Amino acid sequence: MGTANPPTIINPVLTSHSVSSSLLELIFDSLVRLDGRGRIQPGLAEKWEVSADELEYTFYLRKNIKFHDGTELTSKDVKFTYDLILDPKNKSHWRSDLDVVKEVSIIDDFTVRFILKKPFSHFLHKAVREIVPKHIWEGQNLSNARFNYEPVGTGPFKFKEWNKENNTIILTANKNYFEDRPYLDQIQIKVYPDISRLWSAFMRREIHVAKFIHPRDFKLLEEDLVFKTYEVSWGMYYALVYDLDDPVFYDKDIRWALSYAINVKELIKNNSYGGGLPAAGPFHPDSDGYNSTIKPVPYEPQKALDILNTKGWYLNEEGILEKNGRLFTIKLLVNSRIEERERIATMIRQQFSQVGIQTTLVLYEPEKFPVTHGKDMPQVWLRFFRGIDELDGYDAIKSWYSSSTEPGKVWHYRNNRVDQLFEEVKSENNAEKRTLIYQELHKLIYDDQPATFLFFPISLHAVSADFENTDEYFSPHMPTYTIKDWYTSMN
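Heads up, the sequence shown is in numbering that gives the first Met the number 0, so the first residue is 0 and it goes up one at a time.
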């Protein structure tokens, strides 16, 4: 396998993104896990029980599961892992997801109980966290311990080597894995300087998996029988988010006008993914929370101008919108490290110019946002959000909850009814009732238009035709642990 994103550390408590997060599922296991459609499946826990008041989740661990060093996994390791995540001083990315946990208690060596502060309908999905060995990590400094680079887990593959000189990580099959040893003897992850060299390596069959392929290259693969190709609809979407503390964007009609001014179909046609689905809000069309009565905002630039005229904005002699001597000028913030976002932002700038809006692109470094960007003019932000997740809309709606602690949330959206429904859905365990709540939330957020919801990309992937049983991996959730089930005619 290849990647153009070098791994950082391989630590389930601290790792949240990059190729490192994919490695976690190969080296470690979690109490429960998600299949390709985001459904909960047993993992280290063979079963679990939920109390009548929905405040206690009791997990029954499988016995005789061994860490890669031969030590048996017990409830102590489970409690230790979650205590690390919940400890504020460790600054775990996952702490906010599990903040509802009041206590993790050990019942016996193979039974562990989570006590919640209040009912939380999505707890099982948020409990999908890989378990680390207490006997190795106890007393260690999480941020710089050598085990960040020499991880020991219970997963289907064991860490063997991380060669920094040739940028290669090697994993070997765990012959004692509780679900039987993987068919593949070894997985090699090779880091390339850029996408073009990764692509060349794939075409030379130096690596056997290529993800997020450009549509132009994908067409070549579709015609070649030595590859299997996949088109996967993402659960992530692009949105143009407005700073609602700005007096211009505080006006909902202005936000609707800007949405009418954007040609989403043109953005989809010209992006470097494999296409996309127009977004009608934060829910993917396949999500249980999707309200089918809501349609994507159409491209109607004249309607956009008509609305802006009613708000006192008129085109001047230079074709720029002006109101009381002030030009309609905005600043569009774009992540400097993702080329595709700059391309999309450039197209949006051109479309805005056609209705008289001047747009300045500001490329920012993620770790410095938003501190370095003053508000000398109205600002919007091109963001990539999670939509459908785990078969309903909890993560889709979280970004639009006014009390959300999501990092970088600066758009100041507030709707009391949205907040009220969000609190209701967190404690509603009846799936049908949750769906109805989500559908109302969908309509409320769509009507408010706190952002212009753009599209859900379709990603393109390929794997060598030598490999069988690969379909589950190339699905919306892309569960990396399913690579354990891949095989070739040589196995």
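Idealized CB from N, CA, C, for every residue including glycine.
Predicted, not measured: the structure shown is a model, and the values here were computed from it.
Boundaries of the beta strand (DSSP E) in which residue i is found, first to last residue
i, result
"THR481", "First-last for THR481: undefined, no H or E at that position."
"GLN187", "185-190"
"PHE156", "156-162"
"LEU243", "Unbroken run through LEU243: none, as it is neither H nor E."
"PRO456", "450-463"
"PHE248", "Premise fails: PHE248 is in no beta strand (DSSP E) and is neither H nor E."
"VAL263", "From DSSP, VAL263 is part of no beta strand (DSSP E) but of the alpha helix (DSSP H) over 263-269."
"ILE135", "Not the beta strand (DSSP E): ILE135 falls in the alpha helix (DSSP H), residues 133-136."
"ILE206", "ILE206 -> no beta strand (DSSP E), and no H or E assigned at all."
"PHE473", "No beta strand (DSSP E) contains PHE473, which DSSP labels as neither H nor E."
"SER232", "226-232"
"ALA279", "ALA279 -> no beta strand (DSSP E), and no H or E assigned at all."
"GLN378", "378-385"
"ILE168", "167-172"
Residues near residue i in its chain [Cβ-Cβ closer than 6 Å; skip 5 each side]
i, result
"TYR148", "TRP161"
"TYR480", "GLU24"
"THR153", "ASP28, ILE64, PHE66 and LEU72"
"VAL240", "TRP380, ARG382, TRP410 and ALA450"
"LYS483", "PRO155 and PRO181"
"GLU102", "ILE114"
"TYR298", "ASN262"
"LYS157", "HIS67, THR171 and ASN173"
"ASN10", "ASN147"
"TYR289", "PHE282"
"THR371", "Residue placement at THR371 is flagged as unreliable, the pLDDT there being 47, under the threshold of 50; the coordinate-derived value follows with that caveat. Cβ neighbours of THR371 beyond the five flanking positions: none."
"GLN220", "Reading off the sequence, residue 220 comes out as Leu, not Gln. These residues qualify, in order along the chain: PHE226, THR228 and ALA461."
"HIS92", "SER15"
"ASN166", "VAL190"
Residue i to residue j span [Cα, whole Å]
i, j, result
"SER232", "PRO475", "6 Å"
"ASP34", "HIS67", "24 Å"
"ASP184", "PHE211", "26 Å"
"LEU381", "THR110", "45 Å"
"LEU141", "THR171", "25 Å"
"PHE520", "HIS441", "Because residue 520 is not part of the residues shown, which for the chain are 0 to 490, the question remains open."
"MET489", "THR469", "16 Å"
"TYR400", "GLN419", "9 Å"
"THR228", "PRO5", "24 Å"
"MET0", "TRP198", "11 Å"
"LYS310", "GLY37", "45 Å"
"ILE105", "VAL49", "16 Å"
"PHE282", "TRP485", "32 Å"
"VAL247", "GLU222", "51 Å"
"GLU339", "TRP47", "43 Å"
"ARG416", "LYS397", "14 Å"
"ASP304", "ALA256", "It is Leu, not Asp, that sits at residue 304 in the sequence shown. Roughly 7 Å between the two C-alpha positions."
"ASP465", "TYR176", "24 Å"
"ARG196", "ASP107", "52 Å"
"GLN187", "ALA209", "13 Å"
"ARG342", "GLU364", "16 Å"
"LEU97", "PRO41", "19 Å"
"ASP566", "PRO300", "No answer is possible for residue 566: the residues shown for the chain start at 0 and end at 490."
"VAL100", "ASP82", "10 Å"
"VAL77", "LEU22", "19 Å"
Cβ shell of residue i (< 7 Å), same chain only, five flanking positions each side left out
i, result
"PHE454", "TYR236, TYR237, VAL263, LEU266, ILE267, GLY275, LEU276, PRO277 and ALA278"
"TRP243", "For the record, residue 243 in the displayed sequence is Leu; it is not Trp. Here the set comprises TYR249, TRP410, HIS411, TYR412 and PRO449."
"LYS302", "TYR259"
"PRO406", "Confidence is the limiting factor: at PRO406 the pLDDT is only 49, short of 50, which leaves the residue's position unreliable and the question unanswerable from this model."
"SER20", "THR14"
"GLU53", "PRO118 and ASN428"
Range of the contiguous alpha helix (DSSP H) that encloses residue i
i, result
"ILE253", "251-259"
"TYR437", "430-447"
"ARG196", "194-202"
"TRP410", "Looking at the DSSP string, TRP410 is not in any alpha helix (DSSP H), and its letter there is neither H nor E."
"GLN419", "415-425"
"PHE217", "214-221"
Proximity test, residue i beta-carbon vs the ligand FAD heavy atom, cut-off 7 Å
i, result
"ARG128", "The ligand FAD is absent from the structure shown, which contains no ligands of any kind."
Any chain D beta carbon closer than 8 Å to residue i
i, result
"HIS124", "The chain inventory of the structure shown lacks chain D, comprising one protein chain alone."
Contacting residues, own chain, Cβ-Cβ under 8 Å from residue i (five flanking each side not counted)
i, result
"ASP491", "Any answer about residue 491 is impossible in this case: the structure gives the chain only from 0 up to 490."
"ARG325", "none"
- Query: Should the segment 308-326 be regarded as contacting the segment 354-363, the criterion being three or more beta carbon pairs within less than 8 Å?
  - Reply: yes
- Message: Across the segment 124-133 and the segment 27-41, are there enough close Cβ pairs to call them in contact, namely three or more that are closer than 8 Å?
- Response: yes
- Item | Three CB pairs or more closer than 8 Å across the segment 69-88 and the segment 42-61 | yes
- Quick one: which unbroken alpha helix (DSSP H) runs of 4-plus residues sit fully inside the segment 289-359? Chain order, please. 300-309 and 338-352
- Query: Counting Cβ pairs, one atom from each stretch, are 3 or more of them under 8 Å apart for the segment 417-435 and the segment 112-122?
  - Reply: yes
- Minimum length 4: unbroken alpha helix (DSSP H) runs contained in the segment 32-99: 74-85
- Query: Along the chain, which unbroken stretches of the beta strand (DSSP E) at least 3 residues long are found entirely within the segment 103-127?
  - Reply: 110-115
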